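Engineer: Take a look at the following structure, please.
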Amino acid sequence: MSRQLAIIVTLVAGVLMVVSGFIKPTQGWGEDAAEWFNILAAMAFVLGAANLAKVHLSKISSRDAGWGFSAVTLLAFAVTLAVGLFKVGVNPMPAFPDVPMSGGKDAEGSAFWWVYTYVLSSITATMFSLLAFYVASAAFRAFRAKNTEATLLLVAAFIVLLGRTFAGVVLTGWIPADSDWAFLRFENLSTTIFEVFASAGNRAIIIGIALGVAATSLKIILGIDRSYMGSGD
Amino acid sequence: MNQKKTWTIILVLAAVLLAIRSFTGPGMAKVFVEDQRFAFKQAGEKEVDGAMKPAFEAVAPGTEGAIEWTTESEVPPRAYYAAEAASPGQSAIHLSTSRTIGVWVAALLTLFIFSFLYRDNPLYKFAEATIVGVSAAYWGIVGFWDTLMPKLFGAIVPAIVTANFMPGLKEEYNFWILVPAALGIMLLCRLNRSVAAVSVIPLAFIVGTTSGLKFVSYVESDLLAQTASTMKPLLVAAPALATGAADGTANGLSLGLSIKQALIFVGVVSGLVYFFFSVEHKGIVGKTARVGIWYLMITFGAAFGFTVMGRIALFAARCEFIFDDWLWLIDPTEKRVVVEAAVASVNALLPVLPGVGL
Chain A
1475 MSRQLAIIVT
1485 LVAGVLMVVS
1495 GFIKPTQGWG
1505 EDAAEWFNIL
1515 AAMAFVLGAA
1525 NLAKVHLSKI
1535 SSRDAGWGFS
1545 AVTLLAFAVT
1555 LAVGLFKVGV
1565 NPMPAFPDVP
1575 MSGGKDAEGS
1585 AFWWVYTYVL
1595 SSITATMFSL
1605 LAFYVASAAF
1615 RAFRAKNTEA
1625 TLLLVAAFIV
1635 LLGRTFAGVV
1645 LTGWIPADSD
1655 WAFLRFENLS
1665 TTIFEVFASA
1675 GNRAIIIGIA
1685 LGVAATSLKI
1695 ILGIDRSYMG
1705 SGD
Chain B
2 MNQKKTWTII
12 LVLAAVLLAI
22 RSFTGPGMAK
32 VFVEDQRFAF
42 KQAGEKEVDG
52 AMKPAFEAVA
62 PGTEGAIEWT
72 TESEVPPRAY
82 YAAEAASPGQ
92 SAIHLSTSRT
102 IGVWVAALLT
112 LFIFSFLYRD
122 NPLYKFAEAT
132 IVGVSAAYWG
142 IVGFWDTLMP
152 KLFGAIVPAI
162 VTANFMPGLK
172 EEYNFWILVP
182 AALGIMLLCR
192 LNRSVAAVSV
202 IPLAFIVGTT
212 SGLKFVSYVE
222 SDLLAQTAST
232 MKPLLVAAPA
242 LATGAADGTA
252 NGLSLGLSIK
262 QALIFVGVVS
272 GLVYFFFSVE
282 HKGIVGKTAR
292 VGIWYLMITF
302 GAAFGFTVMG
312 RIALFAARCE
322 FIFDDWLWLI
332 DPTEKRVVVE
342 AAVASVNALL
352 PVLPGVGL
């Protein structure tokens, strides 16, 4: 019964969003549904938090390997949640000085701002920067000009890398910028690759993705694809 | 000597060097802030959305009965040195303990993450465990204050929300919002196995709205917009200013722009042919698909180069943070140099050369 109801809810919600995109008087319905979606997504964080606590508390209670790191996770979670929820260190807005919690949650100087600036953004930026090493080392092992396709990939990457560095600009700097051969300068070749070849390739990929998303969305809305309900469908 | 001992020695040595660096000379990792005091006093009432609310006016700090607070804004260390030089012992610009600790925390977490380049270790795992907890709570708080408070609680109990948390919010009841609230509670039923089945209804709503939204947005902004950008005349007129220039422009047409447009058209069509798997890639279809693969390979190569450059830029930024903000070993933006003092000292060295100086 709940599965059939779920299919009907999906159909109604999906059709409403599609219709509101095309028929102006129904635009408000679509906006309301989008707002409901946002509220639901925000409430889903509670589910995520509860799940996180459940997993790590069970690890701690059973003294699994690495349970200390689970304690660190829970502590970090609890502290961030508390300082954000109670707006620790937040000053009122100048327009409403009589309301102590009127200031923004992430106002400069607040505890939540501190956690974001010195912990969250530091670690995420460093983690992404680590990828520079792994991407480069993977490329070193995998990039081989074995055939036409691999050579094109290698050459394009090489030109883009050089075209965006000082060394690349210096290497072809002897070609006069206003000559007929200026297009051979690394920075110009890099721009051409992006504006012509990569632009065309990306467009083909984007159009392909859009067709795929449209087809999958229709399958879900019409109840053909029910995999989101779990096994058995 | 085993590896554990070697690492202990390295870490102790690093700690000693950091201690020396911290407590000698100008030190390191210090963050200075400038205080700004705010003071407001009630001056009558004003009407907001039909309700009378207290009106406030800014007054001088220290005024009796005023609501006051102080905010801190970060200033470069050179501003502190300049202020100290002008007025020793001043308190307008001072060291911020919380931000200084923050720089140390950020620097140590950065090094912990970088330690993974050697191999997986407890320091990396500590940073990883921290980021899992912090990011989960961070996005939860963002959802709470940006969505739940104004849109859910603000619609159900607007008087409480405007009086205590969001005074700028319009006081308006909207009981339709109880529907997503009920769906949200149904979603939480997933935590209890006996009633978990009802959680499929809000999930269906999420999936349905996402599908509908994505269908419209992808068709509109990706499929149609990208197709429209490709379906353009292959013969492109030269821009007015470039007509007659020596870049291949002839008879009002730009050869360069026309070739570019033709190459893009060929690339998009051949790329799409490659993605069309309903027809066997043989004959003309196969040859077109092969051209499509070439375009895609160039695209992936360019994306790879671009990604590597982006990551290296991030890595450089982290190194700059470590060496500039934390260790104070470099100063590319002259945050710690008192420029006037530096100029004066250079000029003082050049009195023998008339006309030479900064």
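If you read the sequences in order, they're chains A and B. Oh and the first sequence: position 66 is 1540 in our numbering, straight run, nothing missing. Oh and the second sequence: position 272 is 273 in our numbering, straight run, nothing missing. Beta carbons: idealized from backbone N, C-alpha and C, even for Gly. Keep in mind that this is a model prediction, so the values were computed, not measured.
#1: Work out the CA separation of A/V1486 and A/G1542 for me, nearest whole Å.
#2: List the endpoints of the continuous alpha helix (DSSP H) containing B/M310.
#3: Could you tell me the boundaries of the alpha helix (DSSP H) in which B/L96 lies?
#4: Is DSSP giving A/L1696 helix, strand or coil here?
#5: Measuring alpha carbon to alpha carbon, tell me which residue in A/I1649, A/I1667, A/T1622 is nearest A/V1634.
#6: Strictly below 7 angstroms CB to CB, what residues from chain B border A/T1547?
#7: Would you list, in sequence order, the uninterrupted alpha helix (DSSP H) runs of no fewer than 4 residues that lie entirely inside the segment 131-197 of chain B?
#8: Is the separation between the beta-carbon of B/F276 and that of A/G1682 shorter than 9 angstroms?
#9: For B/G257, which of helix, strand or coil comes out of DSSP?
#10: I think A/F1551 touches B/G134, with their Cβ atoms under 8 angstroms apart; what is that distance to the nearest whole Å?
#11: Please list, in chain order, the chain A residues whose beta carbon lies closer than 7 angstroms to that of B/Y174.
#12: Can you list the alpha helix (DSSP H) stretches of 4 or more residues lying completely in the segment 1497-1560 of chain A, in chain order?
#13: Pull out every residue of the segment 1576-1591 of chain A whose Cβ sits closer than 9 angstroms to any Cβ of chain B, in chain order.
#14: Quick one: measure Cβ to Cβ for B/E65 and B/V34, integer angstroms, because I've assumed they're closer than 8 angstroms.
#15: Which residues of chain B have a Cβ atom closer than 8 angstroms to the Cβ of A/W1503, listed in chain order?
#16: Ignore the nearest five residues each way along the sequence and tell me which others in B/L124's own chain have a CB closer than 7 angstroms to its CB.
#17: Would you check if the distance between the CB atom of A/F1519 and the CB atom of B/F145 is smaller than 9 angstroms?
#18: When you compare the CB positions of B/I178 and A/W1503, do they come within less than 9 angstroms of one another, or not?
#19: Short check: CB of B/L188 to CB of B/L204, under 9 angstroms?
#20: Which residues does DSSP pair with B/P123 in a beta bridge?
#21: Could you tell me the boundaries of the alpha helix (DSSP H) in which A/M1601 lies?
#22: Taking the beta carbon of A/P1733 as the centre, do at least 16 other beta carbons fall within 10 Å, making it buried, or is it exposed?
#23: Write down the C-beta distance between B/V208 and A/I1694 rounded to the nearest angstrom, noting that I regard them as a contact closer than 8 angstroms.
#24: Counting only Cβ-Cβ distances shorter than 9 angstroms, please list the residues of the segment 1501-1529 of chain A near chain B, keeping chain order.
Structural biologist: Reading off the structure:
#1: A/G1542 and A/V1486: Cα-Cα distance of roughly 47 angstroms.
#2: 284-321
#3: Per DSSP, B/L96 lies in no alpha helix (DSSP H); the unbroken beta strand (DSSP E) holding it starts and ends at 94-96.
#4: coil
#5: A/I1667
#6: A130, V133, G134
#7: 159-165, 179-189
#8: Yes, they are a contact pair.
#9: Three-state result, B/G257: helix.
#10: 4 angstroms
#11: By Cβ distance, chain A contributes nothing, its closest Cβ being about 15 angstroms from B/Y174, past 7 angstroms.
#12: 1501-1535, 1541-1559
#13: Listed by position, the residues of the segment 1576-1591 of chain A near chain B (Cβ gap below 9 angstroms) are S1576, G1578, K1579, D1580, A1581, E1582, G1583, A1585, F1586, W1588, V1589, Y1590, T1591.
#14: At roughly 27 angstroms, the Cβ-Cβ gap does not stay under 8 angstroms, so B/E65 and B/V34 are not in contact.
#15: Those do not exist, as A/W1503 stays about 11 angstroms from chain B at its closest Cβ, beyond 8 angstroms.
#16: Counting only Cβ-Cβ distances below 7 angstroms, and skipping sequence neighbours, we find F113, S116.
#17: yes
#18: no
#19: A distance below 9 angstroms separates the beta carbons of B/L188 and B/L204.
#20: According to DSSP, B/P123 bridges with nothing at all.
#21: Looking at the DSSP string, the run of the alpha helix (DSSP H) that includes A/M1601 is 1595-1616.
#22: Outside the shown range of chain A, which is 1475 to 1707, sits residue 1733 of chain A, and nothing can be said about it.
#23: 6 angstroms
#24: The residues in question are G1504, D1506, A1507, A1508, E1509, W1510, F1511, N1512, I1513, L1514, A1515, A1516, M1517, A1518, F1519, V1520, L1521, G1522, A1523, A1524, N1525, L1526, K1528.
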